[in-house]
Structure formats: C-alpha cells, structure tokens
Amino acid sequence: MKNTEIRSLSESEIADRIAAEQENLTKLRFAHAISPIENPNKLRESRRFIARLKTALRAKQLAK
Numbered sequence: 404m405k406n407t408e409i410r411s412l413s414e415s416e417i418a419d420r421i422a423a424e425q426e427n428l429t430k431l432r433f434a435h436a437i438s439p440i441e442n443p444n445k446l447r448e449s450r451r452f453i454a455r456l457k458t459a460l461r462a463k464q465l466a467k
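When the letters of the sequence shown are read in order and numbered with my numbering, they come out as residues 404 to 467.
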C-alpha cells in the first residue's frame with residue numbers, strides 16, 4: 404500500500420489496519436521462531452508498514 408493510499412484512509416480505517424497488521428506480525432514472528440520463514444525480510448517490511456500507518460494516523464490526529 405502506497406503512502407497516498409494510506410493518507411486517503413480515515414482514522415478509524417487506519418487504526419483497524421494497524422491492529423490487523425500487528426496481529427499479522429505476531430503470527431509471522433511465531434512462525435519464524437518455530438521454523439525459519441522463507442523470506443525473513445517480511446518481518447522488516449511488516450514492521451515498517453505498521454510504522455508508516457502509525458505516522459499517518461498521528462499526522463491526521465494532529466491536523467484536527
């Protein structure tokens with residue numbers, strides 16, 4: 404998802420997306436702990452995507 408797409412979402416949609424991505428990251432971490440996942444860069448991508456979402460959410464909150 405691109406930054407322009409993230410910015411077009413509402414605050415509640417971003418918050419829902421953050422929760423879903425954090426759950427996905429947790430599942431990835433457990434899967435990686437049990438047996439190494441095929442592409443460990445997915446962990447980094449997921450963390451960075453969550454950070455992007457949180458940044459966009461904070462920017463919207465400050466813009467109010």
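We treat Cβ as the ideally placed atom computed from N, Cα and C, and that holds for glycine.
Under the three-state DSSP convention, the category residue i falls into
i: Glu441; result: coil
i: Leu412; result: coil
i: Lys430; result: helix
i: Lys467; result: coil
i: Lys457; result: helix
C-alpha gap between residue i and residue j, whole angstroms
i: Ala436; j: Arg450; result: 16 Å
i: Asn434; j: Ile440; result: The question names Asn, yet the displayed sequence has Ala at residue 434. Approximately 7 Å between the Cα atoms of the pair.
i: Pro443; j: Ile417; result: 25 Å
i: Thr407; j: Ser438; result: 36 Å
Residue nearest to residue i in terms of C-alpha spacing, selected from the options
i: Lys405; options: Ser438, Leu465, Ala459 and Glu441; result: Ala459
i: Glu448; options: Lys463, Leu428, Gln464 and Ser438; result: Leu428
Residues near residue i by beta carbon distance below 8 Å, same chain, minus five either side
i: Ile421; result: Ile453, Leu456, Lys457 and Leu460
i: Lys445; result: Leu431
i: Glu424; result: Ser449, Phe452, Ile453 and Leu456
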